[in-house]
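Since the structure comes first, as structure tokens, the remarks are kept for the end.
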Amino acid sequence: MSSNNDRKIILAALKNGYHLTEDALEILKRSEDPVRTLNMVIEHVKKADPSCIVLNAKLIEALVQQTTKPQESKPVHEHEEEPLICPEIQIIRYYPEDAIIEGHLEEFYRHFHSRYIKLRKILEERGIKFVPLSEIMRMRKDQDAIAAVMVLDKKDTEKALIFECEDPSANTTVFVPKKASDVFTKAEMVLVDCVVGMKLRKVDDTLLVQDIIQPDVPINQKHPSTGPDMYVCFISDIHIGSKNFRKDLFESFLDWINRSRDGEVKRTGYVVLCGDLVDGVGVYPGQEKELEVVSINEQFSMAAKFLSEIPERIELIYLPGNHEPVRKALPQPPVPEVYKKILESKRKITFISNPAKILIGNKLIYLYHGQSLDDLIQTLPNVSYSTLHESIGKILEVMLQVRHLAPCYGQNTPILPLDSDPLVIDDVPDILCTGHVHVAGVKSYKGVLLINSGCWQEQTSFQQSSGLKPTVGTAVLVNLADMSTKIKLFS
Ligand SMILES: [Fe+2]
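As structure tokens, this is what we get:
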């Protein structure tokens, strides 16, 4: 193909506001009508990722495959009668008990530097070239450039949002005028302690933000499995020991999971318990008044009895939450040996940390109890506990967009300042499952399944005061074969 034709393709991308990388151009040139294919890709990207400005090879390849080779849909229940063979889970990331932090300033510096480097790398994978802030500050009037910055502070004033930002070369103040509506909408979603790309323009002596690029996830490019139906059942926040624990509903769940004739049950290979199995003791002031069982050992003994009713053939995976008797700061190790022994006296359990990354077959699953959801609810615009039923999916989307499980440091979520920030979402999961806020919800974002698995505890007095209406007695079933989901409500 002549260079004139290359130019035609590049210009077609530019005309739509996209930069085409060299390798992306090569892939487009292989198609019959490169400009038509490009337009098709742009139409898709506009809807799926409005913040995307760079079209790279990975993205084009995935979309070209998606648009030219439609997936053959698997007939429903085709494999229902095949024996269920469950792959052993692989624990990809796991945090043991032994992290030692002494509280020195250098530990925090190394932690945040590692967060910056990891998130900047994710941004760079999108083909963006960043200029150091120190150079941007010396730019001539009306020049612009993109910096990768960590946001140190955000102030909302009458006329503008004002950000204090830094990169390893400098720190500075930048402005987003409220009349710049597109950028302002993006700027509202920028969280302190997060890393974003900022396109900055020098206007007089001021740096104005022209665009904001979140690290975000690319469209999940993995192909669905073609294997037989295989379900994972996600539950969380059982709160055994609390006066508000709905024993009756949990017994209905146990009845269901023992119904060996039920097609879904027959093909369920895993139950994931995403934290707050027990209510714990001394978790918040005055908790003893809300406890039915005041001994933590007794709470675990009761839990062991309930969990022993989940059939042995189903693998049970358990991570702690904020009510478990483990370190409160993230990452939390699995529950201590003494409680493992009580639980394992009745059945085998796979104990993992919070958060953890596991692989089941080819599906990468991030499991996280979700303590930082409280921070996000208090920080994000238009979100509150009373509207969680509508917004829980949107909040989980933000975690993926900022590529961090607990982005806001120093609010409600204690975080251990480990040298390498373990809470960065450094690869693209197939599933992100959380609990903690007791509201069930499922959403798909760019091919990543976002789950909050509800609870088994009636509304608490704290939830009542904040207007939160929990979804009590819920389990989320995911079929790993086609990633279809179902929220099961028990009564
Ligand atoms: Fe909970």
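Position 439 of the sequence shown, counting from 1, maps to 507 under my numbering, and the rest follow consecutively. For every residue, glycine included, the Cβ atom is placed at its ideal position computed from N, Cα and C.
**Request:** Could you check if residue 469 is buried or exposed, using at least 16 other CB atoms within 10 Å of its CB as the buried criterion?
**Result:** Around the beta-carbon of residue 469, 16 or more other beta-carbon atoms lie within 10 Å, marking it buried.
**Asked** Is residue 546 helix, strand or coil when you go by DSSP?
**Response** DSSP places residue 546 in strand when its eight states are reduced to three.
**Item:** Proximal residues to residue 465 (C-beta, below 8 angstroms), its chain only, five neighbours per side dropped
**Value:** Same-chain partners within the cutoff: 511, 513, 518.
**Item:** Alpha carbon of residue 545 to alpha carbon of residue 384, nearest angstrom
**Value:** So the two alpha carbons sit approximately 14 angstroms from each other.
**Request:** Taking residue 177 as part of the alpha helix (DSSP H), name the residues at either end of that continuous run.
**Result:** Looking at the DSSP string, the run of the alpha helix (DSSP H) that includes residue 177 is 173 to 192.
**Message:** Can you find the residues in the same chain that come closer than 7 angstroms, C-beta to C-beta, to residue 24, ignoring five residues on each side of it along the sequence?
**Reply:** Any question about residue 24 goes unanswered here, given that the chain covers just 69 to 559.
**Request:** To the nearest angstrom, report how far apart residue 163 and residue 104 are at their CA atoms.
**Result:** Cα to Cα, the separation comes out at about 49 angstroms.
**Distance cut-off 7 angstroms: residue 344 Cβ against heavy atoms of ligand 1** = Yes, ligand 1 has a heavy atom inside 7 angstroms of this Cβ.
**Asked** Can you list, in chain order, the residues of its chain whose CB lies under 6 angstroms from that of residue 391, leaving out five sequence neighbours each side?
**Response** Leaving aside the five residues that flank residue 391 on each side, the residues in its chain whose CB is nearer than 6 angstroms to its CB run, in chain order, 344, 347, 348, 351.
**Message:** Check this for me: beta carbons of residue 435 and residue 501, under 8 angstroms apart or not?
**Reply:** Yes; because the gap between Cβ atoms is below 8 angstroms, this pair is in contact.
**Message:** Below 8 angstroms, how does it come out for the region 163 to 177 and the region 481 to 490: are there three or more Cβ pairs, yes or no?
**Reply:** The region 163 to 177 makes contact with the region 481 to 490, as at least three CB pairs between them are under 8 angstroms.
**Message:** I want to check one thing, is the minimum distance from the CB of residue 305 to the heavy atoms of ligand 1 below 7 angstroms?
**Reply:** Residue 305 Cβ: within cutoff of ligand 1.
**Request:** With a 10 Å radius around its C-beta and 16 neighbouring C-beta atoms as the bar for buried, classify residue 477 as buried or exposed.
**Result:** Burial call: buried.
**Request:** If I'm right that residue 302 touches residue 342 with Cβ under 8 angstroms, what's the distance once you round it to whole angstroms?
**Result:** Between residue 302 and residue 342 the beta-carbon gap is near 6 angstroms, inside 8 angstroms, which marks them as a contact.
**Item:** Environment of residue 88 [buried if 16+ CB atoms lie within 10 Å]
**Value:** Here residue 88 is buried. Its C-beta has 16 or more other C-beta atoms within 10 Å.
**Through-space distance from residue 314 to residue 452, alpha-carbon basis** = Pairing residue 452 with residue 314, the inter-Cα distance amounts to about 25 angstroms.
**Asked** Is it the case that the CB of residue 506 approaches a heavy atom of ligand 1 more closely than 7 angstroms?
**Response** Checking the Cβ of residue 506 against ligand 1 gives yes.
**Asked** Can you give, in chain order, each stretch of the beta strand (DSSP E) that sits fully within the region 226 to 260 and has at least 3 residues?
**Response** Complete beta strand (DSSP E) runs here, min 3: 228 to 235, 238 to 245.
**Message:** Suppose you measure from the CA of residue 110 to the CA of residue 84; what does that come to, to the nearest Å?
**Reply:** When rounded, the distance between both Cα atoms is 8 angstroms.
**Asked** Based on Cα-Cα distance, which residue from 507, 454, 506, 222 lies nearest to residue 257?
**Response** When C-alpha distances from residue 257 are compared across 507, 454, 506, 222, the shortest belongs to 222.
**Item:** Under the three-state DSSP convention, the category residue 307 falls into
**Value:** Residue 307: coil per DSSP, three-state reduction.
**Request:** Compare the beta carbon distance of residue 77 and residue 106 with 8 angstroms and say whether it is the shorter of the two.
**Result:** The beta carbons of residue 77 and residue 106 sit closer together than 8 angstroms.
**Item:** Classification of residue 282 by the beta-carbon crowding that lies within 10 angstroms, buried from 16 upward
**Value:** Buried, by the Cβ-count rule.
**Message:** For residue 356 and residue 529, what's the separation of their Cα atoms in angstroms?
**Reply:** Each residue's Cα considered, the two are about 13 angstroms apart.
**Message:** Let's test the definition: count the other Cβ atoms within 10 Å of the Cβ of residue 141 and tell me whether it reaches 16, buried, or not, exposed.
**Reply:** Here residue 141 scores only 40 on pLDDT, less than 50, and its place in the model should not be relied on; the value that follows carries that caveat. Residue environment analysis places residue 141 among the exposed positions, since fewer than 16 neighbouring C-beta atoms fall within 10 angstroms of its C-beta.
**Message:** Pairs of beta-carbons, one from the region 196 to 216 and one from the region 230 to 249, closer than 8 angstroms: are there three or more?
**Reply:** Because the criterion of three Cβ pairs below 8 angstroms is met, the region 196 to 216 and the region 230 to 249 touch.
**Prompt:** So, residue 309 versus residue 218, is the Cβ gap smaller than 8 angstroms?
**Reply:** No.
**Request:** From the DSSP output, in three-state form, read off residue 196 for me.
**Result:** Of the three classes helix, strand and coil, the one that applies to residue 196 here is coil, per DSSP.
**Prompt:** Is the CB-CB distance between residue 406 and residue 388 below 8 angstroms?
**Reply:** Contact flag unset, no.
**Message:** Determine whether the beta carbon atoms of residue 427 and residue 298 lie at a separation below 8 angstroms.
**Reply:** It is not a contact, given that the beta carbons lie outside the stated cut-off.
**Request:** Please find out if some non-hydrogen atom of ligand 1 comes closer than 7 angstroms to the beta-carbon of residue 509.
**Result:** Residue 509 has its CB no nearer than 7 angstroms to any heavy atom of ligand 1.
**Item:** Residue closest to residue 459, alpha-carbon to alpha-carbon, out of 472, 471, 445
**Value:** That would be 445, whose Cα lies nearest to the Cα of residue 459.
**Prompt:** Which whole-angstrom value describes the C-beta separation of residue 448 and residue 473, a residue pair presumed to lie in contact below a C-beta threshold of 8 angstroms?
**Reply:** A Cβ-Cβ separation of about 15 angstroms leaves residue 448 out of contact with residue 473 under the 8 angstroms criterion.
**Message:** Between residue 501 and ligand 1, is there a pair consisting of the residue's CB and a ligand heavy atom that are separated by less than 7 angstroms?
**Reply:** Checking every heavy atom of ligand 1 against the Cβ of residue 501, none is found closer than 7 angstroms.
**Message:** Using C-beta distances below 7 angstroms, list every residue in its chain close to residue 424, excluding the 5 sequence neighbours before and after it, in chain order.
**Reply:** Same-chain partners within the cutoff: 159, 161, 162, 387, 435.
**Request:** Hey, could you find the ends of the alpha helix (DSSP H) residue 266 is sitting in?
**Result:** For residue 266, no alpha helix (DSSP H) encloses it; the enclosing beta strand (DSSP E) starts and ends at 263 to 271.
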